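Visitor: In our numbering, the protein residues as written are 1 to 189.
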Amino acid sequence: NATKGAATIILDSTDAQVQNKIVILCGRGNNGGDGYGVARHLANAGCNISILQLGEPTRKDAMINASICSAMQLSQATWTEDKCNNTTLFIDAIFGTGLDRTVTGVYADAIHVCNAHLSPCISLDIPSGMDCDSGLPLGCCIEAAMTISFVGMKLGFLEESAQDALGEVVITDIGCPQALLQKYSSSTT
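(1) Given a threshold of 16 other Cβ atoms within 10 Å of its Cβ, counted over all protein chains shown, does M146 qualify as buried or as exposed?
(2) Which same chain residues end up closer than 7 Å to C140 when comparing Cβ atoms and leaving out the 5 residues on each side of it in sequence?
(3) Look at S70 and D92 and say whether their C-beta atoms are less than 7 Å apart.
(4) Which same chain residues end up closer than 6 Å to S190 when comparing Cβ atoms and leaving out the 5 residues on each side of it in sequence?
(5) Report yes or no: do the region 145-163 and the region 39-54 share at least 3 C-beta pairs separated by less than 8 Å?
(6) Could you work out which residue in K83, G46, D34, V106 is closest to A66 when comparing CA atoms only?
(7) If you draw a straight line from the C-alpha of T88 to the C-alpha of V18, how long is it?
(8) What do you get for S134, buried or exposed, if any count of 16 or more other CB atoms within 10 angstroms of its CB means buried?
(9) Could you check what DSSP says for S198 in three-state terms: helix, strand or coil?
(10) Cutting at 7 Å between CB atoms, please list the residues of its own chain near T14, excluding the five before and the five after it.
(11) With a 10 Å radius around its C-beta and 16 neighbouring C-beta atoms as the bar for buried, classify L118 as buried or exposed.
(12) Identify every residue that forms a DSSP beta bridge with D92.
(13) Note down the Cα distance separating G98 from N30, rounded to an integer number of angstroms.
(14) Candidates V38, P57, E81, M72: which alpha carbon is nearest N1's?
(15) Using only alpha-carbon positions, find the residue among D61, C47, V170, G5 that is nearest to R28.
(16) Assuming C121 contacts C114 under a Cβ cut-off of 8 Å, what Cβ separation, rounded to an integer in Å, is found between them?
(17) Classify E56: buried if its beta carbon has 16 or more other beta carbons within 10 angstroms, exposed otherwise.
(18) Buried or exposed, going by whether 16 or more other CB atoms sit within 10 Å of the CB of T196?
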């Protein structure tokens, strides 16, 4: 549900020119799995997509969706800066809400390249590198033009420190029971 909802938002908010060369940056975990899932839906809609992996998938969701992308013969390669040439749109699926460490290495490199690029970036669930609760970057953070948040706003999104990295925040439903939303959400989310 999350990936279908995110893909629909991406398709509705972009045009054919932006959909010409979409690069999806996929991490190893569940957020990477969201990236692979969005790649499938965008490819089925006729978008030209390339998946750049920042490590082999390690979580079940990421492994399953990466395998489906392989079966669909979608372009998958290890991330390097030169593979971002001519990108018209980045989809950020590097890190999700569980990130609890400083971003370093290839992940920091990819974030810096994406932020320096002229093309916009759409983050899935949260801009990679942002602390979910404080809204602060953990070393560095994607500066998204749009963040597609699953279920609702994250607590950190309400902080002033998060505003420059979030861009427009759009919430997509993933089928969470309303009773749970009412029980666990705050009045500000």
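Glycine included, each C-beta is placed from N, C-alpha and C at the ideal position. Owing to the predicted nature of the structure, the values given are computational and were not obtained by experimental measurement.
Guide: Walking through what the data contain:
(1) buried
(2) V103, A108, I111, H112, G129
(3) no
(4) The question about residue 190 has no answer, for the chain in this structure spans 1 to 189.
(5) no
(6) D34
(7) 5 Å
(8) exposed
(9) Not covered by the structure: residue 198. The range shown for the chain is 1 to 189.
(10) L89
(11) exposed
(12) L25, S123
(13) 9 Å
(14) V38
(15) D61
(16) 5 Å
(17) exposed
(18) The first residue shown for the chain is 1 and the last is 189, placing residue 196 beyond what the model contains.
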